[in-house]
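Okay, structure first, notes after.
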Amino acid sequence: MIKNNDNDKNYTFDDNESLQDLFKTISRIERDEVNYIDNDGNDQDDLEMMVEKEYQTLKRVQVPYTFHKNRFIDQPKTNNTIVASSLQYNTVYASRLEKLRPILLQQVEQKYSEITIQKILHLKPNDECVMIGTLYKEMDLKQNILKQYAQDRAILPPPAQRDSFIGEGDKLFFEDETGRVKLIADKQVVDSLLTGMNVAIKGKGLLGAEFEIEEVFYPGLPPQPHSKDLENLEDDVYVCLVSGLSIGDPNNTLQLNMLVDYISGNLGTSKDQKFISRISRLIIAGNSIFKEEQSHQSFMKYLSKQEINSKKQKMAIPIKEFDSILSELAKSIPIDIIPGPNDPTNSSLPQLPLNYCLFPFSVQNTNTNPTSNPYESQIGGRLFLGTAGQNIDNASRYMIIDSKMDLTEKTLNWRHLAPTAPDTLSCSAVDHDPFVIEQCPHVYFIGNQEKYQTKMIRGPNDQIIRIVLLPKFSESNTIVLVNLKTLDTFPIEFNCTTFFPQSPCSSS
């Protein structure tokens with residue numbers, strides 16, 4: 001068993017090997033008890049001391065931790081106080097361009113020091129120049145709120161869910177503060193770009209308010225912070241990442257129990273437990289609560305008061321179970337809980353932390369830390385940045401990509417977590433854009449993906465980034481450990497056929 005404090009001493013025997021060792025110890029003491037009896041004849045105390053000596057509780061490693069709670073929530077306002085009801089989404093795009101314009105200008109000047117930077121309003125035919133602004137992709141297949149409203153009013157079944165909205169007739173437009181112009185480019189270029197991206201484009205003006213693209217510039221990787229806490233890491237220390245627990249899914253109970261026992265140090269050999277004690281923190285990346293798929297007919301159905309109460313009671317069951325699991329885990333490890341699209345909080349990004357009233361038992365332990373989605377923190381000198389997956393899942397439907405890993409890497413070069421927000425990805429109307437990536441993370445994770453993938457990226461200014469795509473635990477039974485010292489990753493699968501996790505130290 002692994003504890004966070006030294007106040008209570010606990011003993012555990014978690015497998016046959018440990019159990020046999022304990023029996024051997026007790027038998028040896030009983031056979032030679034005369035050798036252990038002190039002057040007072042108190043052999044019971046000696047027996048306890050002997051067992052305690054061989055089965056001490058391991059202390060979990062601790063590293064410096066800072067959660068950047070104001071990074072996505074409660075952002076500072078501008079000098080002029082803006083009433084929330086007066087905010088429009090154009091302020092998000094304006095703020096995004098204001099932050100990234102100087103960076104894009106620097107990228108252009110590094111390659112073309114004497115080229116003209118032009119505004120759309122002053123664009124003339126045959127003028128070769130560079131423009132800096134925001135992309136907009138017009139797509140015939142893209143979802144339209146007016147069409148959806150008409151379908152709902154007619155109570156018609158919705159169209160089949162698409163994996164991609166890319167069509168042959170997609171068009172690109174470019175906007176800045178002075179106007180809009182249509183872009184002329186190959187279909188391959190059009191399919192590789194997204195609405196909301198801030199880029200610099202080099203080309204020449206054409207008749208009819210058009211601009212022919214020759215080259216596209218992106219902001220590139222942001223600078224990476226360095227912390228002295230990283231220099232103090234002498235041994236291997238890990239952070240555990242998991243997503244898609246889907247608590248309440250009847251097919252997932254055994255794996256969840258194994259996960260809790262493993263993280264708590266109640267599963268595995270003594271070698272495993274020493275390894276587990278090096279896990280400093282657990283991050284749960286969204287979709288912790290199981291959500292049943294709802295048909296369009298049942299969604300449109302008018303529910304009686306009795307049906308509503310029954311539905312509420314059914315929804316409360318997995319939340320109570322989640323609270324129980326968190327209570328058990330929080331006894332031995334700090335936990336960051338990131339909400340996801342299936343969890344009981346607001347659906348638009350940034351998602352607010354899950355309310356404390358949902359976890360009456362686990363929040364009594366300071367190790368329980370509900371966070372925002374997206375998420376950013378510094379752990380042991382490493383900057384962690386992650387989401388529950390909505391940003392990547394949404395963007396992948398509006399552009400052609402080689403893989404989700406390829407798209408995730410691109411968001412770093414775009415310096416933006418969610419360029420499709422607020423166009424096709426719901427986000428709050430604010431006077432700033434919280435999704436601009438101003439510092440390069442050391443660990444960038446995306447939750448609730450189809451499979452586990454990882455990649456190490458090295459930037460031009462010595463940036464080192466470990467990208468991790470986290471699989472859904474309810475489907476893969478897999479968690480991922482990240483080594484803070486080396487940024488190596490270790491997936492651990494909980495195999496229900498052997499009733500034992502396939503951990504790194506088990507295979508070594």
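The sequence shown begins at 1 in full-length UniProt numbering and counts up by one.
Quick reminder that beta carbons are idealized off the backbone N, C-alpha and C, glycines included.
Q) At which residues does the alpha helix (DSSP H) containing M139 begin and terminate? A) It is not in any alpha helix (DSSP H) - M139 carries neither H nor E in the DSSP assignment.
**Q.** E109 to V130 span [Cα, whole Å]
**A.** 10 Å
Q: Classify Q449 as buried or exposed, calling it buried when 16 or more other Cβ atoms lie within 10 Å of its own Cβ.
A: buried
(Q) Out of L469, K187, P441 and R60, which one is the CA nearest neighbour of V237? (A) R60
Q: State buried or exposed for C357, treating a residue as buried only when at least 16 other CB atoms are found within 10 Å of its CB.
A: exposed
Q) With distances taken between CB atoms, is the gap from residue 552 to M399 smaller than 8 Å? A) The displayed coordinates of the chain run from 1 to 508. Any statement about residue 552 would go beyond what the structure contains.
Q. Any idea what DSSP makes of I457, helix, strand or coil?
A. strand
Q: Please report how far the alpha carbon of I465 lies from the alpha carbon of R382, in whole angstroms.
A: 10 Å
Q. Taking F361 as the reference, which of D336, I319 and P350 has the closest Cα?
A. I319
Q | Beta-carbon contacts of I284 that lie in its chain and below 8 Å, excluding the five residues immediately before and after | A | V242, S243, L245, I335, D336, I337 and I338
Q: Counting only the same chain and skipping the five closest in sequence on each side, list residues whose C-beta sits under 6 Å from that of Q463.
A: L221, Q224 and C440
Q. With a Cβ-Cβ cutoff of 8 Å, do N391 and L425 count as a contact?
A. yes
Q: Assign G41 to buried or exposed, taking buried as 16 or more other Cβ atoms, counted over all protein chains shown, within 10 Å of its Cβ.
A: In this prediction, G41 has a pLDDT of 47, which is less than 50 and means its spatial position is unreliable; nothing more can be read from the coordinates.
Q) Under the rule that 16 or more other beta-carbon atoms within 10 Å means buried, what is I492, buried or exposed? A) buried
Q | Straight-line gap, K119 to I279 (C-alpha atoms, nearest Å) | A | 53 Å
(Q) Below 8 Å on the Cβ atoms is my contact criterion, and I expect D229 with G380 to pass it. Report the Cβ-Cβ distance as a whole number of Å. (A) 6 Å
Q) DSSP state of D462, grouped into three classes? A) coil
Q | D423: CB within 7 Å of a non-hydrogen atom of the ligand ZN | A | As far as ligands go, the structure on display features none, and thus does not contain the ligand ZN.
Q.
Our contact map puts I479 next to F473 with C-beta atoms below 8 Å; I'd like the distance itself, whole angstroms only.
A. 7 Å
Q. In its own chain, which residues sit with a C-beta less than 6 Å from the C-beta of H226, not counting the 5 before and 5 after it?
A. none
Q | Backbone CA spacing between L256 and E475 [nearest angstrom] | A | 12 Å
Q: Determine, using beta carbons only, whether K288 and S332 come nearer to each other than 8 Å.
A: Looking at the sequence shown, residue 288 is not Lys but Ser. No, these two residues do not count as a Cβ contact at 8 Å.
Q.
Rounding to the nearest angstrom, what Cα-Cα distance links T253 and I247 in this structure?
A. 8 Å
Q: Compute the beta-carbon to beta-carbon distance between K182 and E210, rounded to the nearest angstrom, for a pair I have assumed lies under 8 Å.
A: 5 Å
(Q) Rounding to the nearest angstrom, what Cα-Cα distance links P353 and D343 in this structure? (A) 10 Å
Q.
Going by DSSP in three states, S362 sits in which element: helix, strand or coil?
A. helix
**Q.** Outcome for L412 when other beta-carbon atoms lying within 10 angstroms are tallied against a minimum of 16
**A.** buried
Q: Would you kindly work out how many angstroms separate the C-alpha atoms of T116 and P419, rounded to a whole number?
A: 27 Å
**Q.** Among A94, T134 and L329, nearest to C240 - alpha-carbon criterion
**A.** L329
Q) Less than 8 Å separating the beta-carbons of R71 and E376? A) yes
(Q) Check this for me: beta carbons of I446 and L484, under 8 Å apart or not? (A) no
Q: State the DSSP-derived secondary structure class of D235, mapped to helix, strand or coil.
A: coil
Q) So, using beta-carbon positions, are Y89 and P460 closer together than 8 Å? A) no
Q.
Suppose you measure from the CA of residue 513 to the CA of S348; what does that come to, to the nearest Å?
A. Only positions 1 to 508 of the chain appear in the structure, and residue 513 is not among them; the question remains open.
**Q.** Beta-carbon proximity of A388 to G340, cut-off 8 Å
**A.** yes
Q. Which residue from Y452, L233, N232 and A200 puts its Cα closest to that of P219?
A. A200
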